[in-house]
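Residue numbers (full-length UniProt numbering), protein chains in the order written: chain Z, 1 to 327; chain H, 1 to 330. Comments concern the structure below.
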Amino acid sequence: MSFLLEADDLVRIYSGRSGLFGKAQPVRAVDGVSLRLAQGETLGIVGESGSGKSTLGRMLLGVDPAQGGSVCFDGQPMPATGSADWRGLRARMQMVHQDPLAALDRRLTIATQIREPLDIHKIGTEDTRAARVQDLMEAVGLRPDQADRYPHELSGGQRQRVVIARALASDPDMLVCDEPVSALDVSIQAQVVNLLRTLQQQTGLGMVFISHDLKVVRNLCDRVAVMYLGRIVEEGPSEELFANPRHPYTQALVSSVPEPGKRLDGRVILQGEPPNPAKRPSGCAFHPRCHMASDICRGVIPELHATGEGRTAACHLVTDATATQVA
Amino acid sequence: MGNLVEIRDLSVAFDGVPVLHGVNLQVAPGEALGLVGESGCGKSVTWLAALGLLPSKATVTGSVTLGQAELVDAPRPSLENIRGGRIAMIFQDPSSALNPVIRVGRQMMEALKLHRDLRGDAARKEALRLMDLVGIPDAKNRFNLYPHEFSGGQCQRIMIAMALAGEPDLLIADEPTTALDATIQAQILDLLARLRAEMQMATVFISHDLGAVAQVCERVCVMYAGRIVEQGPVEQLFSCPRHPYTRGLFDAIPRLDGPRAPLTPIPGTVPDPRNLPAGCAFAPRCSHARDFCHNDRPDLLPQQDGRALACAYPLPEARQHKAAPEQVTS
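Right, dumping it as structure tokens:
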């Protein structure tokens, strides 16, 4: 089976400086990440802030060039960022950001903005473009009379619909959504999540869905990768992964999700803060917060290994057989 | 039992546009009350109005009493004694609530000087004790750091410590965990619950996250378009919501178990306060609405089971038949 997107061993290093005169230190924001995305599949990427999930999302599109590793889109290596080939390819892969107001131009009507990708990529003629904008607005649930509105006249949920319509304008094969519903109220969030699911079923696009909200990710995604400090620590089909998390970090994440009607008692509350990527702990990056850490965790970085049922985990203590006992 | 704070018929209008329509709310000493609802429904405005923190273009009517003292239209000096002293408030974004160019320790000592008249070594000692209390590791060595040298979760802990400086009777937490990561969110919720128990302090927890509210609150008020639409004990309200809006909020939350079905959103959006529907404000989005709902507004009335409800056609009371068999087997 060929994949829509194949990323191998991606590395992105920012140089961070501590203080005005401090020495520049390399910060490994994304550190050896490999991913596969099939046509029509939704892959969730979860993790805390600073885990590198947004950087990874941009690297998958080639917006942020990789310093190591490679991305293949539809079997072809990704052209260099900024090149004509890459610009052409961008029509086939689009992005949706968290804050729709920041992603939209406040001085253009929404119809103009939804139309922009069609103009840029020279898709269709004048007439067909106008018709396409109408279709897109209908598909995302915007009323035709809203076409001449400006972004500030719309609610948060409607703005996000505009951004989604614009991303879909060029009929992409892949969509990277970076926290698309985090800024929305639950009732509106559910509308947008349902919209993304419906659109995906209709168009068959592959979607990378980056979020810190586990409940939304579980609902929408087929497969989930959990990131911690620039590395994937666990990956698997979303239902199984959340029902039976194997990596201690995933277990803590799942346990920290507040559920209505459940009191605080009996939850695993993770101690400590996510560490600074500039001061990455030795060995397994999670070991200072892990209640099961042993000597090997402090010294050796665990590699992702298969744990059965199409799942992988990067933990010394998780092997195929013992997987279920960890709790 | 006397109430700590009583809000009676509190209304707020911005530039003549009413956003809060006669809210009645009581907080008992030591109680944990949750306020939930979508953005723009008046959760924060209720408490900002009560504490006189709204801009001058807002007109506030009604009454807010703390013990014997009336807070609405109270002179500034008496309000300043109450704010931070008897009622403290923490906000959503801790890093913008702290002064970025003043060391954290000094900001804490300022609060102690204002509210408890502590100075010098005494203030420093108390500030360190508070930092320990809210779980800042190695407080002694981090006393002289700036806010940007702390993470978001730790900044929120410092905000909580500063709020505790005046030993308040009531802590108002306005979306205290919304800007934080899930694991840190759990820590802060845990901290708030622990502090409330230790200090016997009443807490008002404003949030749109029903899950978070369930964990720290005893009683919950659901607000919609500037009114309370349902109010009751947390277990009751969460096991069997009766207002269609409350029910809709629950149904919209994706679940961590069960099948991955499409979500059930509440259709439409929150009404514009300048253009509220004639009847029940929720009627245009409500699947149970009948003619009455579009023309007349139901009042918030006490129900037999102890809750208060503002709905003409509430959902049936008995929904427990689902939960009951589970209790038998466990």
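Beta carbons: idealized from backbone N, C-alpha and C, even for Gly.
Whole-angstrom C-beta distance between residue j and residue i, which should lie under 8 Å
i        : j        : result
H/Arg285 : H/Gly268 : 4 Å
Z/Val30  : Z/Val46  : Actually they are not in contact, since the Cβ atoms of Z/Val30 and Z/Val46 sit about 15 Å apart, beyond 8 Å.
H/Met159 : H/Pro100 : Contact flag wrong, Cβ pair sits at about 13 Å.
Z/Val233 : Z/His247 : 5 Å
H/Val222 : H/Thr246 : 5 Å
Z/Pro258 : Z/Gly310 : Their Cβ separation, rounded to whole angstroms, is 29 Å, which puts Z/Pro258 and Z/Gly310 out of contact at 8 Å.
Backbone secondary structure at residue i - three-state DSSP
i                      : result
Z/Ala7                 : strand
H/Arg255               : coil
Z/Asp295               : helix
Z/Met137               : helix
Z/His121               : coil
H/Gln320               : Reliability of the predicted coordinates at H/Gln320 is poor, the pLDDT of 46 falling under 50, and no value is obtained from them.
residue 333 of chain Z : Here chain Z comprises residues numbered 1 to 327, so residue 333 of chain Z is not present and cannot be evaluated.
H/Thr59                : strand
Z/Met78                : coil
Z/Ser15                : strand
H/Leu48                : helix
Z/Gln325               : Model confidence at Z/Gln325 stands at a pLDDT of 46, short of 50, so the residue's coordinates are unreliable; what they give is reported in the following sentence. In the structure shown, Z/Gln325 sits in a helix (DSSP, three-state: H, G or I).
H/Gly40                : coil
H/Pro18                : strand
Z/Val216               : helix
H/Asn24                : strand
H/Arg297               : coil
For residue i, the first and last residue of its enclosing alpha helix (DSSP H)
i        : result
H/Gly135 : Note, H/Gly135: premise wrong, no alpha helix (DSSP H); not H, not E.
H/Asp190 : Ala182 to Met199
H/Ala202 : No alpha helix (DSSP H) contains H/Ala202, which is instead part of the beta strand (DSSP E) from Ala202 to Ile206.
Z/Ile210 : Looking at the DSSP string, Z/Ile210 is not in any alpha helix (DSSP H); the run it does join, the beta strand (DSSP E), is Gly206 to Ile210.
Z/Ala167 : Gly156 to Leu168
H/Val216 : Leu210 to Val216
Continuous beta strand (DSSP E) stretch holding residue i: start and end
i        : result
Z/Val181 : Element bounds for Z/Val181: n/a, residue is neither H nor E.
H/Ile228 : Arg227 to Pro233
Z/Pro100 : From DSSP, Z/Pro100 is part of no beta strand (DSSP E) but of the alpha helix (DSSP H) over Pro100 to Ala103.
Z/Asp31  : Ala24 to Leu37
H/Asp9   : Val5 to Phe14
Z/Ser70  : Gly68 to Phe73
Z/Glu234 : Arg231 to Pro237
H/Cys221 : Arg219 to Tyr224
Z/Arg223 : Arg223 to Tyr228
H/His87  : It should be pointed out that residue 87 of chain H corresponds to Ile in this sequence rather than to His. It spans Ile87 to Ile90 - the beta strand (DSSP E) in which H/Ile87 sits, taken as one unbroken run.
H/Asp174 : Leu170 to Asp174
Z/Gln94  : Met93 to Val96
Residue i at chain H interface by Cβ criterion, 9 Å
i                      : result
Z/Lys215               : yes
Z/Gly157               : yes
Z/Arg161               : no
Z/Asp173               : no
residue 353 of chain Z : Missing from the structure shown is residue 353 of chain Z; chain Z here goes from 1 to 327 and no further.
Z/Glu259               : yes
Z/Glu309               : no
Z/His212               : yes
Z/Ile45                : no
Chain Z contact for residue i (CB, 9 Å cutoff)
i        : result
H/His208 : yes
H/Gly211 : yes
H/Val270 : yes
H/Leu263 : yes
H/Glu38  : yes
H/Lys255 : Per the sequence presented here, residue 255 of chain H reads as Arg, with Lys not at that position. So yes, H/Arg255 belongs to the interface.
H/Ala252 : yes
H/Thr183 : yes
H/Gln231 : no
H/Pro273 : no
H/Asp190 : yes
H/Gln187 : yes
H/Gly22  : no
Quiz item: Per the contact definition of three or more C-beta pairs closer than 8 Å, is the region 156 to 167 of chain Z in contact with the region 93 to 110 of chain Z?
Solution: Yes: the two stretches touch, three or more of their Cβ pairs being nearer than 8 Å.
Quiz item: Quick one: any contact between the region 47 to 60 of chain Z and the region 167 to 186 of chain Z, if contact means 3 or more CB pairs under 8 Å?
Solution: yes
Self-check item: Cβ contact check for the region 186 to 204 of chain Z and the region 254 to 264 of chain H: 3 or more pairs under 8 Å
Solution: yes
Quiz item: With contact counted as at least three CB pairs below 8 Å, one residue from each stretch, are the region 175 to 188 of chain H and the region 270 to 286 of chain Z in contact?
Solution: yes
Quiz item: Touching or not, the region 294 to 314 of chain Z and the region 30 to 43 of chain H, by the rule of three or more beta carbon pairs under 8 Å?
Solution: No, the region 294 to 314 of chain Z does not touch the region 30 to 43 of chain H.
Self-check item: At least 3 beta-carbon pairs within less than 8 Å: the region 128 to 147 of chain H vs the region 41 to 60 of chain H
Solution: The region 41 to 60 of chain H and the region 128 to 147 of chain H do not touch, with fewer than three beta-carbon pairs separated by less than 8 Å.
Practice problem: Examine the Cβ distances between the region 63 to 83 of chain H and the region 295 to 308 of chain H and report whether three or more of them are shorter than 8 Å. | Solution: no
Quiz item: Quick check: the region 66 to 83 of chain Z against the region 243 to 254 of chain Z, are there 3 or more CB pairs under 8 Å?
Solution: The region 66 to 83 of chain Z is not in contact with the region 243 to 254 of chain Z.
Quiz prompt | Validate contact between the region 191 to 208 of chain H and the region 270 to 289 of chain H using beta carbons, cut 8 Å, 3 pairs | solution = no
Quiz item: Does the region 82 to 96 of chain H touch the region 142 to 161 of chain H, meaning 3 or more C-beta pairs lie closer than 8 Å?
Solution: yes
Exercise. Mind the definition here: the region 140 to 151 of chain Z touches the region 99 to 115 of chain Z only if three or more C-beta pairs lie below 8 Å; say whether that holds.
Key: yes
Quiz item: Would you say the region 200 to 219 of chain Z touches the region 239 to 254 of chain H, given that touching needs at least three Cβ pairs under 8 Å?
Solution: yes
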